[in-house]
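S.K.:
2 protein chains.
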Amino acid sequence: MRHPDDDSFADDRSTPDGLLQTADRALQVLLCFDRERTEWGVTEIAEEFGFNKSIAQRLLATLAHRGFLIADADTRRYRIGPSAMAVGRAWERSGSLRTMVEPILRELSAKTGASAILAVPDNLHMRAVAAVDGSDGPLRMYPLVGELYPAHAGATSKAFYAYLPAQQRQLLFAGRPVARFTDRTVTEAGALEADFLQIRQQGYAATVGEYDSHVAAVAVLVSVRGEPYGSLSLAGPEESFDHPEQHVPLLRHAAQQIERRLTGRLRARKD
Amino acid sequence: MRHPDDDSFADDRSTPDGLLQTADRALQVLLCFDRERTEWGVTEIAEEFGFNKSIAQRLLATLAHRGFLIADADTRRYRIGPSAMAVGRAWERSGSLRTMVEPILRELSAKTGASAILAVPDNLHMRAVAAVDGSDGPLRMYPLVGELYPAHAGATSKAFYAYLPAQQRQLLFAGRPVARFTDRTVTEAGALEADFLQIRQQGYAATVGEYDSHVAAVAVLVSVRGEPYGSLSLAGPEESFDHPEQHVPLLRHAAQQIERRLTGRLRARKD
DNA sequence: CGCCGTCGTGTCATAATGAGCAACGACTTC
DNA sequence: GAAGTCGTTGCTCATTATGACACGACGGCG
Chain A
10 MRHPDDDSFA DDRSTPDGLL QTADRALQVL LCFDRERTEW GVTEIAEEFG FNKSIAQRLL
70 ATLAHRGFLI ADADTRRYRI GPSAMAVGRA WERSGSLRTM VEPILRELSA KTGASAILAV
130 PDNLHMRAVA AVDGSDGPLR MYPLVGELYP AHAGATSKAF YAYLPAQQRQ LLFAGRPVAR
190 FTDRTVTEAG ALEADFLQIR QQGYAATVGE YDSHVAAVAV LVSVRGEPYG SLSLAGPEES
250 FDHPEQHVPL LRHAAQQIER RLTGRLRARK D
Chain B
10 MRHPDDDSFA DDRSTPDGLL QTADRALQVL LCFDRERTEW GVTEIAEEFG FNKSIAQRLL
70 ATLAHRGFLI ADADTRRYRI GPSAMAVGRA WERSGSLRTM VEPILRELSA KTGASAILAV
130 PDNLHMRAVA AVDGSDGPLR MYPLVGELYP AHAGATSKAF YAYLPAQQRQ LLFAGRPVAR
190 FTDRTVTEAG ALEADFLQIR QQGYAATVGE YDSHVAAVAV LVSVRGEPYG SLSLAGPEES
250 FDHPEQHVPL LRHAAQQIER RLTGRLRARK D
């Protein structure tokens with residue numbers, strides 16, 4: 010699905026004028042090492058993009074030379090390499106994620122009065138990577154950003170973990186016992202599965218006091234490039250944050266904005 | 010410093026035969042958005058690499074077109090972009106870090122009998138990203154990988170956090186009170202600073218029972234591209250793991266191996 | 001307020017470079 | 001053992017990147 014003012018990008022595969030075809034192709038190739046396909050061979054790349062085999066071979070070799078790919082010596086297939094880690098770390102360090110999504114969170118918060126939080130999964134938890142306090146003042150003493158939420162409690166976590174493959178969801182109960190934070194925390198496997206099912210069906214998660222007592226929250230899944238990325242949530246004091254579900258359309262819209270900003274190509278050409 | 014069998018890489022800046030110059034240049038440019046330099050302009054890139062301005066401009070525009078960079082509309086300077094996140098996530102998903110490092114850890118463990126752990130910083134903790142259990146059997150019931158260690162307790166953490174800028178080290182005491190895990194945990198700011206100083210002076214951290222009672226550990230800093238990346242540690246039961254310091258040279262050597270594997274370009278050309 | 005210096009962008013001729021073709025060798029499969 | 005697949009490499013041609021130059025915008029300085 011495309012945004013209206015995206016139409017200047019004629020085709021993903023073709024290189025616009027004024028740009029370097031070879032470099033562009035290399036980057037395209039690099040990006041196709043994604044969740045769906047983690048390994049590629051020379052011929053596969055050639056077919057995927059309609060390149061000649063020699064082009065594919067040289068592109069892959071160049072990417073490998075700079076460490077963006079690693080060539081499996083046995084299978085002669087390529088996987089993602091350590092330079093991907095280097096640029097990924099550069100991205101994290103840059104803090105651009107926060108600055109890119111904070112305007113969206115600010116708008117959410119302004120329209121609802123609640124705190125807005127973008128969180129990403131992290132070792133059976135969710136980590137707040139960007140947040141804006143609501144007009145009722147901060148929910149906590151300490152800053153929201155960096156906070157970890159357990160996978161099984163609260164809308165922020167449940168909106169994400171509900172969409173995990175069933176097998177991975179089992180992990181929530183595989184290790185140590187599921188912690189109880191309040192008397193409303195859901196700790197029983199069956200009940201949690203039922204919640205997840207409902208979340209998938211209605212497309213959002215709404216919880217009250219599951220992690221922090223007196224905090225109500227509503228959250229939706231955020232996907233990037235079609236893959237679950239994190240969750241976007243609104244949270245506020247149980248007393249004043251009325252009918253959180255009413256904000257689901259707003260959340261959905263904001264989630265799409267975030268997805269768009271995190272899916273590459275922005276301000277590539279002057280408009 | 011180069012490894013003996015690295016000599017086929019004549020020069021970082023020149024593109025070997027059989028590779029694509031333009032793609033290689035684009036990747037070089039992408040990699041220079043690192044800790045030291047997070048923003049580059051067209052002219053700066055041109056000077057840095059000896060390119061013509063037009064080349065630099067097109068390289069940057071191409072990288073931006075695919076979302077690897079973002080152009081600041083006002084300053085016309087470039088920063089790292091969301092596609093860097095995409096490939097970084099692909100790297101994490103691939104689990105290559107573990108498979109690349111585990112042979113080294115296995116060798117460490119085999120030579121010492123202790124458990125070997127590679128950990129990276131994570132929100133004032135250290136996270137074990139790869140580990141091999143020692144011959145005395147596992148230290149814990151649950152797997153080492155994924156484990157979080159607090160920043161102020163244990164060699165694994167201290168070997169890393171000792172090298173943080175003093176200002177950032179203050180954060181350890183800025184938030185909640187420093188937790189005490191055993192009677193040997195160092196919780197006083199002055200004493201911890203003294204430990205950090207000693208660690209920097211001797212080049213390694215050695216602790217006994219600071220986090221887990223009855224566990225002795227020794228650790229060294231791991232740097233990638235000259236920047237602190239994580240720590241490499243050996244840990245074993247206090248009773249049987251004698252004179253952990255004796256293994257520091259071994260640890261140093263292994264840390265260098267890891268650094269080399271994580272600094273790109275492996276098996277780029279057949280040897 | 002206007003000048004100059006700097007920076008990013010665009011143009012154009014040139015030739016260097018990447019594209020495509022085809023052949024080879026290694027390996028797998030039947 | 002033969003046929004097919006895959007990755008690699010040499011070679012030729014022209015597509016494409018290159019670099020010198022010029023333009024316009026911006027900002028700092030006099």
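Protein sequences appear in the order of chains A and B. In terms of the numbering used here, the first sequence opens at residue 10 and continues consecutively. In terms of the numbering used here, the second sequence opens at residue 10 and continues consecutively. Just so it is clear, CB atoms sit at the ideal spot from N, CA and C, and this is done for glycine as well.
(1) In this structure, does DSSP put residue 48/A in helix, strand or coil?
(2) Tell me which residues of the stretch 33–45 of chain A have at least one Cβ-Cβ distance to chain B shorter than 8 Å, keeping chain order.
(3) Against chain B, with Cβ distances strictly below 9 Å, would residue 135/A count as a contact?
(4) Using a Cβ cut-off of 9 Å, pull out every chain A residue sitting near residue 47/B, in sequence order please.
(5) For the candidate residues 208/A, 221/A and 235/A, whose alpha-carbon lies nearest to that of residue 257/A?
(6) Note down, in chain order, all residues in the stretch 205–238 of chain B with a beta-carbon under 8 Å from any beta-carbon belonging to chain A.
(7) So, at 7 Å on beta carbons, what are the nonlocal neighbours of residue 77/B in its own chain, with the 5 sequence-adjacent residues on each side left out?
(8) Closest to residue 264/B by C-alpha separation, out of 243/B, 252/B and 248/B, would be which residue?
(9) Against chain A, which members of the stretch 55–75 of chain B pass a CB distance test of less than 8 Å?
(10) Taking contact to mean at least 3 C-beta pairs separated by less than 8 Å, is the stretch 195–203 of chain A in contact with the stretch 223–232 of chain A?
(11) Under 7 Å Cβ to Cβ from residue 204/A, same chain only, skipping five residues before and after it: list those, please.
(12) Going by DSSP, what residues sit across from residue 236/A in a beta bridge?
(13) Excluding the 5 residues flanking residue 162/A on each side, which residues of the same chain have their C-beta closer than 6 Å to its C-beta?
(14) Would you please verify whether the beta carbon of residue 92/A is less than 9 Å from any beta carbon of chain B?
(15) Can you pull the chain A residues whose beta carbon is under 8 Å from the beta carbon of residue 95/B, in chain order?
(16) Could you give the residue range of the beta strand (DSSP E) that holds residue 80/A?
(17) Put residue 199/A into one of helix, strand or coil per three-state DSSP.
(18) Exposed or buried, residue 23/A, counting other C-beta atoms within 10 Å across all chains shown (16 or more means buried)?
(19) Whose C-alpha, out of 133/B, 50/B and 59/B, is nearest the C-alpha of residue 82/B?
(20) Below 8 Å on the Cβ atoms is my guess for residue 97/A versus residue 107/B; work out the distance and round it to an integer in Å.
(21) Let me check understanding here. Comparing Cα to Cα, which of 157/B, 114/B and 164/B lies closest to residue 143/B?
(22) Run through chain A and tell me which residues come within less than 8 Å of residue 243/B, C-beta to C-beta.
(23) For residue 31/B, go through chain A and note every residue whose CB falls closer than 7 Å to its CB, in chain order.
(24) Where do the ends of the beta strand (DSSP E) carrying residue 124/B lie?
(25) Where residue 111/A and residue 139/A are concerned, what is the direct C-alpha to C-alpha distance, given to the nearest angstrom?
(26) To the nearest angstrom, how far is the alpha carbon of residue 105/A from that of residue 126/B?
M.R.: So, from the listed chains and residues:
(1) In the first sequence, residue 48/A corresponds to position 39, counting from 1. Note: residue 48/A maps to coil in three-state DSSP.
(2) 33, 34, 35, 36, 37, 39, 40, 42, 43 and 44
(3) As a position in the first sequence, residue 135/A is number 126, starting the count at 1. Not one chain B Cβ lies under 9 Å of residue 135/A.
(4) What you label residue 47/B is simply residue 38 of the second sequence in a count that begins at 1. Near residue 47/B (Cβ distances below 9 Å), the residues of chain A are 99, 102 and 103.
(5) Locating residue 257/A in the first sequence gives position 248, counting from the first residue. Minimum Cα distance to residue 257/A is reached at 208/A.
(6) 233 and 234
(7) In the second sequence, residue 77/B corresponds to position 68, counting from 1. The residues are 39, 90, 92 and 93.
(8) Position 255 of the second sequence, counting from 1, holds the residue named residue 264/B. Closest option to residue 264/B, Cα to Cα, is 243/B.
(9) 67, 68, 70, 71, 72, 73, 74 and 75
(10) no
(11) Numbered from its first residue, the first sequence carries residue 204/A at position 195. Result list for residue 204/A: 167 and 195, in chain order.
(12) Within the first sequence, numbered from 1, the residue matching residue 236/A stands at position 227. Looking at the DSSP assignment, residue 236/A forms a beta bridge with 233/A.
(13) Your numbering for residue 162/A matches position 153 in the first sequence. Correct list, in chain order: 190, 194, 219 and 220.
(14) Mapped onto the first sequence, residue 92/A falls at position 83. So yes, residue 92/A belongs to the interface.
(15) Stepping through the second sequence from its first residue, residue 95/B is reached at position 86. What residue 95/B touches in chain A: 40, 43, 233, 234 and 273.
(16) Stepping through the first sequence from its first residue, residue 80/A is reached at position 71. Taken as a continuous stretch (DSSP letters only), the beta strand (DSSP E) holding residue 80/A covers 78–80.
(17) On the first sequence, position 190 is the one that residue 199/A refers to. Correct three-state label for residue 199/A: helix.
(18) Indexing the first sequence from 1 puts residue 23/A at position 14. When all chains shown are included, residue 23/A counts as exposed.
(19) On the second sequence, residue 82/B is found 73 positions in, with the first residue counted as 1. That would be 50/B, whose Cα lies nearest to the Cα of residue 82/B.
(20) Residue 97/A sits at position 88 when you count from the first residue of the first sequence. Residue 107/B sits at position 98 when you count from the first residue of the second sequence. With a Cβ gap of about 16 Å, residue 97/A and residue 107/B do not count as contacting.
(21) Reading the second sequence from its first residue, position 134 is the one you call residue 143/B. Residue 143/B has its Cα closest to that of 114/B, out of 157/B, 114/B and 164/B.
(22) Position 234 of the second sequence, counted from the start, is the residue given in the question as residue 243/B. None at all; the shortest Cβ gap to chain A is about 23 Å.
(23) Taking the first residue of the second sequence as 1, we reach residue 31/B at position 22. The answer, in chain order, is 29, 31 and 32.
(24) Mapped onto the second sequence, residue 124/B falls at position 115. 124–130 is the extent of the beta strand (DSSP E) around residue 124/B.
(25) Residue mapping note: residue 111/A aligns to position 102 of the first sequence, counting from 1. Residue mapping note: residue 139/A aligns to position 130 of the first sequence, counting from 1. Each residue's alpha carbon lies about 7 Å from the other.
(26) Position 96 of the first sequence, counted from the start, is the residue given in the question as residue 105/A. Position 117 of the second sequence, counted from the start, is the residue given in the question as residue 126/B. Answer to the nearest angstrom: the Cα atoms are 31 Å apart.
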